[in-house]
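In the working numbering, the protein residues as written are 1259 to 1644. Where a beta carbon is used, it is the ideal one built from N, C-alpha and C, also for glycine. It should be emphasised that the depicted structure is a prediction, and the values quoted were computed from it without experimental measurement. Notes to accompany the following structure.
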């Protein structure tokens, strides 16, 4: 009887522990480095690194990487030892991607090298889980490039550049292709590319073993969205079963079921109230570390963060709140890995504003804390080692 009782306790415990781990699914680290990408046309001098306390929400400046032009989007290697930053130059000039070594003890960056991005105004970077390739999306160029990464973190000559073509119904914003994101599926079988200019999500099969052509058009080469909506950033839930697309021109989030590189539309949710009047410009989309909530930023006249609860079975969204972002042009934001805080980068009011996050409701509350940073446009975090 005793042995049977012990066996029962063991079985129940074995079932309970992984469920608890999945429910929390959040970092045990307390301190992180917050890296801030900026436009250097204003007050900014480059990439700013801060030490972030995930228990108090406090930020302390650690380091500034100067002499780097418009590092407006950053990507971190899987081991956290390298950081990649775009050089987003305006007009038709070809942009660049810079590689840096990162010191997780003191937050310092050390320049390694740079390579062409394959088009003008690179605005998005993704690194695969094994650190083999970096995928760069070029907004003005309407193209994407695959850049191999050497063992020492240096960038090699681009292996492949793909040019998008076409346009859509907005003559000012959709006069040609504008690649705005390059996102790998969780299984890294496919790369999804949101193109604001042609109202399509292009889908590529990813084969890292092919050195000259790692990307090929998928069996279903693209998914079209409603004309004039302007696909911007795409994000997957951790299961890979659902994808969420933020659409810049109409300030909406579209929900898709995902399977084997195919997307099926399920829902479209607005970031604004039906009675809202003014200019909209949706920007960033993130999912909380526990997977229960989705957040989206809206610029224009709204300047808000919208909070949605995710139906874990259906993948659909239910609005919880719209919270003023307390600044102008919330271009980007980040939820810290513990899930305790949400930090918003305001491009046009030179600030990062810190909100406390309720893990049960998903709602965010102003902490009264903010820091001044010139033209912040991207935030990412790396665990601190001390």
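Alpha-carbon to alpha-carbon, residue j and residue i
i: residue 1324; j: residue 1438; result: 26 Å
i: residue 1456; j: residue 1403; result: 18 Å
i: residue 1374; j: residue 1356; result: 9 Å
i: residue 1388; j: residue 1534; result: 44 Å
i: residue 1362; j: residue 1288; result: 14 Å
i: residue 1512; j: residue 1545; result: 14 Å
i: residue 1282; j: residue 1542; result: Model confidence at residue 1282 stands at a pLDDT of 40, short of 50, so the residue's coordinates are unreliable; what they give is reported in the following sentence. Their backbone Cα atoms lie some 24 Å apart in a straight line.
i: residue 1320; j: residue 1308; result: 5 Å
i: residue 1469; j: residue 1409; result: 15 Å
i: residue 1525; j: residue 1481; result: 15 Å
i: residue 1316; j: residue 1471; result: 45 Å
i: residue 1571; j: residue 1488; result: 28 Å
i: residue 1634; j: residue 1296; result: 4 Å
Exposure label - residue i; buried when at least 16 CB within 10 Å
i: residue 1346; result: buried
i: residue 1427; result: exposed
i: residue 1391; result: buried
i: residue 1479; result: exposed
i: residue 1557; result: buried
i: residue 1458; result: buried
i: residue 1429; result: exposed
i: residue 1421; result: exposed
i: residue 1348; result: exposed
i: residue 1497; result: exposed
Three-state secondary structure (DSSP) of residue i
i: residue 1337; result: coil
i: residue 1643; result: coil
i: residue 1588; result: strand
i: residue 1380; result: strand
i: residue 1507; result: coil
i: residue 1295; result: strand
i: residue 1323; result: strand
i: residue 1522; result: strand
i: residue 1455; result: coil
i: residue 1314; result: coil
i: residue 1468; result: coil
Closer than 8 Å to chain B by CB, residue i
i: residue 1611; result: In the structure shown, chain B does not exist; there is a single protein chain.
Which ranges does the beta strand (DSSP E) cover as unbroken runs of at least 3 residues, wholly within the stretch 1353 to 1433, from first to last along the chain? As far as the stretch 1353 to 1433 is concerned, its whole beta strand (DSSP E) runs of at least 3 residues are 1354 to 1360, 1367 to 1374, 1380 to 1385, 1391 to 1396, 1401 to 1406 and 1418 to 1421.
Does the stretch 1555 to 1570 come within contact of the stretch 1516 to 1524, defined as at least 3 CB pairs closer than 8 Å? no
Decide if the stretch 1470 to 1479 is in contact with the stretch 1488 to 1506; the criterion is three or more beta carbon pairs, one per stretch, under 8 Å apart. Taking a contact to require three or more Cβ pairs closer than 8 Å, the stretch 1470 to 1479 and the stretch 1488 to 1506 do not qualify as touching.
Is it a yes or a no for the stretch 1600 to 1609 touching the stretch 1579 to 1591, going by three-plus beta-carbon pairs under 8 Å? Touching, per the Cβ criterion.
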